[in-house]
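K.L.:
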Amino acid sequence: MARRTGGLFLVAYFVFPSMVLGYTEFVVGGDDGWKAGVVDYSAWASSYTFSAGDVLVFNYWDTTEYNVVVATGSDTFDNCVSTPNLGYYDSGHDVLELTDAGNYYFFCQGHCDYNDMKFMITLLPEKSTPSLLRAQFAFSFCKTPLSRFLPHSFSLLSFSGFHKSIAILRPDRFFKV
35 MARRTGGLFL VAYFVFPSMV LGYTEFVVGG DDGWKAGVVD YSAWASSYTF
85 SAGDVLVFNY WDTTEYNVVV ATGSDTFDNC VSTPNLGYYD SGHDVLELTD
135 AGNYYFFCQG HCDYNDMKFM ITLLPEKSTP SLLRAQFAFS FCKTPLSRFL
185 PHSFSLLSFS GFHKSIAILR PDRFFKV
């Protein structure tokens, strides 16, 4: 029975990872995505509460025109200065995991000044994952080597909310911020 329960938890992890691990995935700009002149990104950001462990997804189709810059602070953000920065992304589907509480500043280098394509968020400390889920997760993986579940497109990362010997699988498409 324990084996079946662990297998169900593994399926739930891959199908509904945010429910299992307690993070929320936010698509920046909603259905409109990361596009100049369409969304008030400051208003969009102010309508949500962000916590450490949450994920921001930036979707845009023109990678020559759009990008995502993570500013070093309010001065570089206010003046739309792209260097130095904490990160520069231009894949068209940038998935950023927010790891530490604090203020984060995002903008598009080419559209920051005249289209106000930028926003700031305050990241709260990590949400707590219910202890039952943590215990089930630990039990599920302790009996089987993680390498059996590790496809080539995934990497193994530690997770601060669990016991040190427990790890989680995250797709390589994630960038840590």
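Its first residue numbered 35, the sequence shown is counted upward by one per residue in our numbering.
We put the beta carbon where it would ideally sit given N, CA and C, even for glycine.
Would you mind sorting E160 into buried or exposed? The rule is 16 or more other CB atoms within 10 Å of its CB.
P.N.:
Stepping through the sequence shown from its first residue, residue 160 is reached at position 126. Buried.
K.L.:
Are there 16 or more other CB atoms within 10 angstroms of the CB of H197, so buried, or fewer, so exposed?
P.N.:
For the purposes of this step, residue 197 is taken as residue 163 along the sequence shown, with counting starting at 1. Confidence at H197 is low in this model, with a pLDDT of 32, below 50, so its placement is unreliable and the value that follows should be read with caution. Flag for H197 reads exposed.
K.L.:
Go ahead and pull the three-state DSSP assignment for G107.
P.N.:
On the sequence shown, position 73 is the one that residue 107 refers to. Note: G107 maps to coil in three-state DSSP.
K.L.:
How would you write the range of the beta strand (DSSP E) that N149 sits in, first residue to last?
P.N.:
For this step, residue 149 is matched to residue 115 along the sequence shown. First-last for N149: C146 to N149, but that is the alpha helix (DSSP H), not the beta strand (DSSP E).
K.L.:
If you run the structure through DSSP and keep just helix, strand and coil, what is Y122?
P.N.:
Residue numbering aside, residue 122 sits at position 88 when the sequence shown is read from its first letter. Residue state, collapsed to three classes: strand.
K.L.:
For W266, does the count of other Cβ atoms within 10 angstroms reach 16, so buried, or fall short, so exposed?
P.N.:
The chain is shown from 35 up to 211; residue 266 falls before or after that span and cannot be answered.
K.L.:
Here's a check: name, in chain order, each residue in its chain whose Cβ is nearer than 6 Å to the Cβ of G71, leaving out the five neighbours to either side.
P.N.:
Counting from one through the sequence shown, the residue named residue 71 turns up at place 37. Here the set comprises N149.
K.L.:
With Y139 as the anchor, note down where its alpha helix (DSSP H) starts and where it stops.
P.N.:
Against the sequence shown, residue 139 aligns to sequence position 105. First-last for Y139: G136 to F141, but that is the beta strand (DSSP E), not the alpha helix (DSSP H).
K.L.:
For S80, which of helix, strand or coil comes out of DSSP?
P.N.:
On the sequence shown, position 46 is the one that residue 80 refers to. Helix, per DSSP.
K.L.:
Given N101, which residues of its chain have a CB within under 8 Å of its CB, disregarding the five upstream and five downstream residues?
P.N.:
The residue you call residue 101 lines up with position 67 of the sequence shown. For N101, where only same-chain residues beyond five positions count, the Cβ hits under 8 Å are Y122, Y123, D124, C142, Q143 and G144.
K.L.:
Flag this pair as touching only if the region 105-116 and the region 128-142 have three or more C-beta atom pairs under 8 Å; answer yes or no.
P.N.:
yes
K.L.:
Among the residues of its own chain, which have a CB less than 8 Å from the CB of W78, if the five just before and after it don't count?
P.N.:
In the sequence shown, counting from the first residue as 1, residue 78 sits at position 44. Contacts found: V62, G63, G64 and F153.
K.L.:
For D96, does the three-state DSSP call read helix, strand or coil?
P.N.:
Residue 96 sits at position 62 when you count from the first residue of the sequence shown. The answer is coil: DSSP assigns D96 none of H, G, I, E or B.
K.L.:
Can you give me the start and stop residues for the beta strand (DSSP E) that V61 sits inside?
P.N.:
Here the question's residue 61 lines up with position 27 in the sequence shown. Run containing V61: E59 to V61, per the beta strand (DSSP E) assignment.
K.L.:
Given this structure, state the Cα-to-Cα distance separating D66 from F111, to the nearest angstrom.
P.N.:
Position 32 of the sequence shown, counted from the start, is the residue given in the question as residue 66. Position 77 of the sequence shown, counted from the start, is the residue given in the question as residue 111. Taking the straight line joining both Cα atoms gives about 23 Å.
K.L.:
Just the C-alpha distance for N119 and V103, rounded to the nearest angstrom, thanks.
P.N.:
On the sequence shown, residue 119 is found 85 positions in, with the first residue counted as 1. On the sequence shown, residue 103 is found 69 positions in, with the first residue counted as 1. Distance between the alpha carbons of N119 and V103 is about 7 Å.
K.L.:
The beta strand (DSSP E) spanning L158 covers which residue range?
P.N.:
As a working note, residue 158 is residue 124 in the sequence shown. Note, L158: beta strand (DSSP E), K152 to L158.
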